[in-house]
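**Q**
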């Protein structure tokens, strides 16, 4: 599930950091509408990773959890910093 959501997060990050939403507003709006699906894919991936802890190898579980947890955590931290700042 993380591999499905990762391109959405990368595209969203590129659009966000390069201000491409201003240049391509339709693509930016479509990307913003798809972000809840990417987050849902990541949450399902985390649940699947936690559910397979006993069956899979530790390396596979850690890889799945990192792949599903890092992009939402990065963007959540970025938005917290953007709107509230770190003091």
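Residue numbers (the working numbering): 1 to 87. Think of the CB as a built atom: it goes at the ideal place given N, C-alpha and C, for glycine as much as any other residue. It should be emphasised that the depicted structure is a prediction, and the values quoted were computed from it without experimental measurement.
(1) Among 70, 49, 45, which has the Cα closest to the Cα of residue 1?
(2) With hydrogens ignored, establish whether the beta-carbon of residue 33 is closer than 7 Å to any heavy atom of the ligand NAD.
(3) Could you compute how far the alpha carbon of residue 34 sits from the alpha carbon of residue 81?
(4) Taking 8 Å as the threshold (C-beta atoms), are residue 66 and residue 52 in contact?
(5) Mind checking which residues open and close the alpha helix (DSSP H) that includes residue 48?
(6) Could you check the C-alpha separation between residue 75 and residue 16 for me, to the nearest Å?
(7) Report, in whole angstroms, the separation of the C-beta atoms of residue 64 and residue 41, which I expect to be a contact under 8 Å.
(8) Apart from the five residues on each side of it in sequence, which residues of its chain come closer than 7 Å, Cβ to Cβ, to residue 12?
**A** This is what the structure holds:
(1) 45
(2) Annotation note on the ligand NAD: not contained in the displayed structure, which lists no ligands.
(3) Taking the straight line joining both Cα atoms gives about 23 Å.
(4) Between residue 52 and residue 66, the C-beta spacing is not below 8 Å.
(5) 25 to 51
(6) 10 Å
(7) Going by Cβ atoms, the distance from residue 64 to residue 41 rounds to 12 Å, so no, they are not a contact pair.
(8) 31, 35
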